[in-house]
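Comments concern the structure below.
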Amino acid sequence: MEKTLRVLNDLVVAGVLSRYAIGGAMGATFYVEPVLTFDLDIFVSLPQTASGLLSLEPLYTELRNRGYNEVSECVNIEGIPVQFLPAYNDLLVEALTEAREVLYEQTPTRVLRAEHLMAIATQTGRDKDRERVRLLREQAELDAEYLANLLRRHGLEGKWQPWTP
Amino acid sequence: MDTLKPEIARLIAAKEQRRHELARLPFAEKVRLVVKLQHMAAPVLRARGRLVKVWPFYDDKPGGRE
Numbered sequence: 001m002e003k004t005l006r007v008l009n010d011l012v013v014a015g016v017l018s019r020y021a022i023g024g025a026m027g028a029t030f031y032v033e034p035v036l037t038f039d040l041d042i043f044v045s046l047p048q049t050a051s052g053l054l055s056l057e058p059l060y061t062e063l064r065n066r067g068y069n070e071v072s073e074c075v076n077i078e079g080i081p082v083q084f085l086p087a088y089n090d091l092l093v094e095a096l097t098e099a100r101e102v103l104y105e106q107t108p109t110r111v112l113r114a115e116h117l118m119a120i121a122t123q124t125g126r127d128k129d130r131e132r133v134r135l136l137r138e139q140a141e142l143d144a145e146y147l148a149n150l151l152r153r154h155g156l157e158g159k160w161q162p163w164t165p
Numbered sequence: 166m167d168t169l170k171p172e173i174a175r176l177i178a179a180k181e182q183r184r185h186e187l188a189r190l191p192f193a194e195k196v197r198l199v200v201k202l203q204h205m206a207a208p209v210l211r212a213r214g215r216l217v218k219v220w221p222f223y224d225d226k227p228g229g230r231e
């Protein structure tokens, strides 16, 4: 995975990405026991185009130029299917801004905070998101006040309550 | 839980302890375990018709390739 992360860091240096962070199952795995996944979910903020629209197309074009091709909804980067998810709402923008800077082996990268992973899972609301919330509550070191504030500010308390008996 | 035989309760507690130990491993080590999980799960998922790609194993750890 280190080679994949180096490519992502290069894309930031090149200005193709403004910022990125690992989320999804692999983001959760940073905090809890290993969770089976076949995709690497990468949340991204993209430079705004002249029209003000956010588009993944310049990113995909740059990756194609570097020899990394799309497979279904992912791009295969150094053998790993990477799914890019643009920060399309306030919660995701905040999650990216406050992501933790960590080292993966020798390579710097970012991982979403556990509290943001929980809030995003709550917002998304699928069965596997509920399971992710359960696992993070059980195993991750959480800042309860930070999480409560996060859920309140993003209007997620109503969805959160039934998930936390 | 109070109706469980002591031996079963001990096994469940040990399993729970193991899961918490796994959670405390370094990130890179956990990613290697995810890839091992992929190797185990892929044949089953493929048999069900799901296309999955197992990540390169230990690809970026010198001398770590299997």
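Residue numbers (the working numbering), protein chains in the order written: chain A, 1 to 165; chain B, 166 to 231.
The C-beta atom is built at its ideal place from N, Cα and C for all residues, glycine as well.
{"query": "Suppose you measure from the CA of R211 of chain B to the CA of K180 of chain B; what does that come to, to the nearest Å?", "result": "29 Å"}
{"query": "What do you get for K128 of chain A, buried or exposed, if any count of 16 or more other CB atoms within 10 angstroms of its CB means buried?", "result": "exposed"}
{"query": "Using the Cα positions of D225 of chain B and E115 of chain A, report the straight-line distance between them to the nearest angstrom.", "result": "Any reading at D225 of chain B needs caution, since the residue's pLDDT is 47, under 50, leaving its predicted position unreliable; the model's value is listed next. Roughly 29 Å between the two C-alpha positions."}
{"query": "What would DSSP say about D41 of chain A, mapped onto helix, strand or coil?", "result": "strand"}
{"query": "Could you tell me which residues DSSP pairs with P86 of chain A in its beta bridges?", "result": "A:V44"}
{"query": "For L187 of chain B, which residues from the same chain have a beta carbon less than 8 Å from its beta carbon, with the 5 sequence-adjacent residues on both sides left out?", "result": "K195, L198"}
{"query": "Is it buried or exposed for Y88 of chain A, if we count other Cβ within 10 angstroms and need 16 for buried?", "result": "exposed"}
{"query": "Flag this pair as yes or no: are the beta carbons of R113 of chain A and Y20 of chain A separated by less than 9 Å?", "result": "no"}
{"query": "Which ranges would you report for the alpha helix (DSSP H) in the stretch 191–222 of chain B if only whole runs of at least 4 residues count?", "result": "192–212"}
{"query": "Among the residues of its own chain, which have a CB less than 8 Å from the CB of R130 of chain A, if the five just before and after it don't count?", "result": "A121, W163"}
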